[in-house]
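Mind the numbering: the sequence shown is residues 12 to 325 in this note's numbering, read in order. Note that the Cβ used here is the ideal one computed from N, Cα and C, for glycine as well. The block underneath contains the structure these notes are about, expressed in structure tokens.
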Amino acid sequence: MKAAVIEKKGTNPRFKIKELPRPIIKSGQVLVRNYASSVNPIDVMARNGRALLASAGFSNQVIGSDFCGKVLQSKSRLFKEGDEVFGMISAIKGGAYAEELTVDADQIALKPKNLDYVEAAVIPLVGLTAYQGLFKVGRIQEKENILITGCTGGVGSVAVQLARTLDCHISGLCSEKHRAYAHSVGCDVVIDYQNQQIPSGARFDLIFDAAGMYTYSDLKHHLNEQGLFVTTRGETNNIKGLVKTAVDVVFEPYMKFVFVKPNADDLNVLKEMIEQGKLKLHIEKTFLLNQLTEAQRMMKNGGFVGKIGVDIGE
Numbered sequence: 012m013k014a015a016v017i018e019k020k021g022t023n024p025r026f027k028i029k030e031l032p033r034p035i036i037k038s039g040q041v042l043v044r045n046y047a048s049s050v051n052p053i054d055v056m057a058r059n060g061r062a063l064l065a066s067a068g069f070s071n072q073v074i075g076s077d078f079c080g081k082v083l084q085s086k087s088r089l090f091k092e093g094d095e096v097f098g099m100i101s102a103i104k105g106g107a108y109a110e111e112l113t114v115d116a117d118q119i120a121l122k123p124k125n126l127d128y129v130e131a132a133v134i135p136l137v138g139l140t141a142y143q144g145l146f147k148v149g150r151i152q153e154k155e156n157i158l159i160t161g162c163t164g165g166v167g168s169v170a171v172q173l174a175r176t177l178d179c180h181i182s183g184l185c186s187e188k189h190r191a192y193a194h195s196v197g198c199d200v201v202i203d204y205q206n207q208q209i210p211s212g213a214r215f216d217l218i219f220d221a222a223g224m225y226t227y228s229d230l231k232h233h234l235n236e237q238g239l240f241v242t243t244r245g246e247t248n249n250i251k252g253l254v255k256t257a258v259d260v261v262f263e264p265y266m267k268f269v270f271v272k273p274n275a276d277d278l279n280v281l282k283e284m285i286e287q288g289k290l291k292l293h294i295e296k297t298f299l300l301n302q303l304t305e306a307q308r309m310m311k312n313g314g315f316v317g318k319i320g321v322d323i324g325e
């Protein structure tokens with residue numbers, strides 16, 4: 012099978028397409044012919060040696076989390092050969108930037124019928140992060156007043172659409188040039204984080220930091236009593252931010268992290284919403300497997316809405 016591998020670590024290492032052996036399927040797993048994937052920030056971190064999986068030190072590393080394709084072999088009663096499936100692999104494991112992969116059958120779901128392979132492949136990691144962050148960690152309720160940072164990114168735009176299903180009042184932080192898109196996915200109020208401040212009197216039942224750029228100390232004065240601050244990462248881009256995040260995690264009970272996990276039940280919730288027309292992600296651009304270096308450069312540079320797709324081909 013063909014796979015995009017990282018032959019060695021370093022500054023901005025490049026991908027190389029190689030032929031690798033077919034993965035070995037185990038009991039309870041399926042072998043998937045993978046037709047599509049996507050690019051997530053964690054993939055860029057892995058490529059540049061900033062994630063846990065990048066510290067393993069092995070060569071011919073295959074990263075990537077999202078996948079969508081057809082079952083080639085099954086050692087599970089949950090799926091049969093020919094089923095179209097989608098899901099994610101833990102970023103610690105990786106392996107989705109390849110034509111074939113093995114995955115536990117209880118961590119995937121049938122592909123939404125109304126999406127093609129690339130459209131479905133951009134959903135799992137960001138969709139599960141948003142769903143688990145809002146519903147399982149944030150305990151979101153109907154008609155709450157919520158704030159979502161990074162509301163036009165992958166996680167953020169899914170979070171807005173999920174919150175919209177509960178008739179929440181949604182304020183979103185993004186850049187001014189993405190204001191129209193933020194409104195289109197469901198934000199009631201859009202705040203240009205570069206030139207505007209969150210109104211001093213604004214209070215929220217839940218703040219979901221989809222951008223991963225803030226910590227509890229930054230926004231706690233905008234929380235209602237018992238309000239929660241849920242973040243995908245916290246402000247960890249510099250030493251000062253790391254210290255603030257560490258202190259908040261230890262001492263602030265209303266700050267929570269979301270650590271996304273592959274989960275079939277949660278994927279099926281997303282699948283149902285997609286098929287009902289309640290959830291869809293904008294794809295800014297789609298790259299081929301041999302263009303992954305360019306795709307990750309685009310992710311690193313930012314400045315776009317939605318997701319970046321990867322077409323692995325049939």
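Runs of beta strand (DSSP E) wholly within the stretch 153-230 (minimum 3 residues, chain order): Correct list: 156-160, 180-185, 200-203, 215-220.
CA-CA distance, residue 108 and residue 310? Using only the alpha carbons, I get a separation of about 16 angstroms.
Where the beta strand (DSSP E) through residue 7 begins and ends: Given a span of 12 to 325 for the chain in the structure shown, any question on residue 7 remains unanswerable.
Are the beta-carbon atoms belonging to residue 186 and residue 198 less than 8 angstroms from one another? No, the pair does not count as a contact, with Cβ atoms beyond the cut-off.
Would residue 215 pass as a contact of residue 156 if the rule is Cβ separation under 8 angstroms? Yes, they are a contact pair.
Got a sec? Which residues, its chain only, sit under 6 angstroms from residue 281 by beta carbon, not counting five neighbours each side? Within its own chain, the residues whose Cβ lies closer than 6 angstroms to the Cβ of residue 281, once the five positions on either side in sequence are excluded, are 138, listed in chain order.
Please return the same chain residues whose Cβ sits closer than 8 angstroms to the Cβ of residue 274, not counting the five positions on each side in sequence. So the list reads 118, 139, 143, once near-sequence residues are dropped.
Limits of the unbroken alpha helix (DSSP H) element including residue 284: That run of the alpha helix (DSSP H) goes 275-286.
On the three-pair Cβ rule with 8 angstroms, is the stretch 35-43 touching the stretch 74-85? Result yes; three or more Cβ-Cβ pairs closer than 8 angstroms.
Cα-Cα, which of 72, 300, 51, 189 is closest to residue 314? Minimum Cα distance to residue 314 is reached at 189.
Just checking, does the stretch 96-106 make contact with the stretch 119-134 on the three C-beta pairs under 8 angstroms criterion? The answer is yes - the stretch 119-134 touches the stretch 96-106, with three or more Cβ pairs under 8 angstroms.
Check the C-beta distance from residue 230 over to residue 149 and give it rounded, since I have them as a contact under 8 angstroms. At roughly 14 angstroms, the Cβ-Cβ gap does not stay under 8 angstroms, so residue 230 and residue 149 are not in contact.
Residue 54 classed as buried or exposed, judged by whether at least 16 other C-beta atoms fall within 10 angstroms: It counts as buried.
Entirely enclosed alpha helix (DSSP H) segments - the stretch 288-314, minimum 4 residues: The stretch 288-314 contains these whole alpha helix (DSSP H) runs: 303-312.
CA-CA distance, residue 191 and residue 316? One C-alpha to the other measures close to 11 angstroms.
Sequence-distant residues of its chain with Cβ nearer than 6 angstroms to residue 204 (five each side left out): These residues qualify, in order along the chain: 184.
Beta-carbon proximity of residue 57 to residue 90, cut-off 8 angstroms: Their beta carbons are not under 8 angstroms apart, which means residue 57 does not touch residue 90 by this criterion.
Residue 140 - containing alpha helix (DSSP H), residue span: Annotation: the continuous alpha helix (DSSP H) that includes residue 140 extends over 135-142.
From which residue to which residue does the alpha helix (DSSP H) around residue 131 run? Start and end: 128-132.
For residue 72, list the residues DSSP reports as bridge partners. DSSP, once it has assigned bridges, lists 17 as partnering residue 72.
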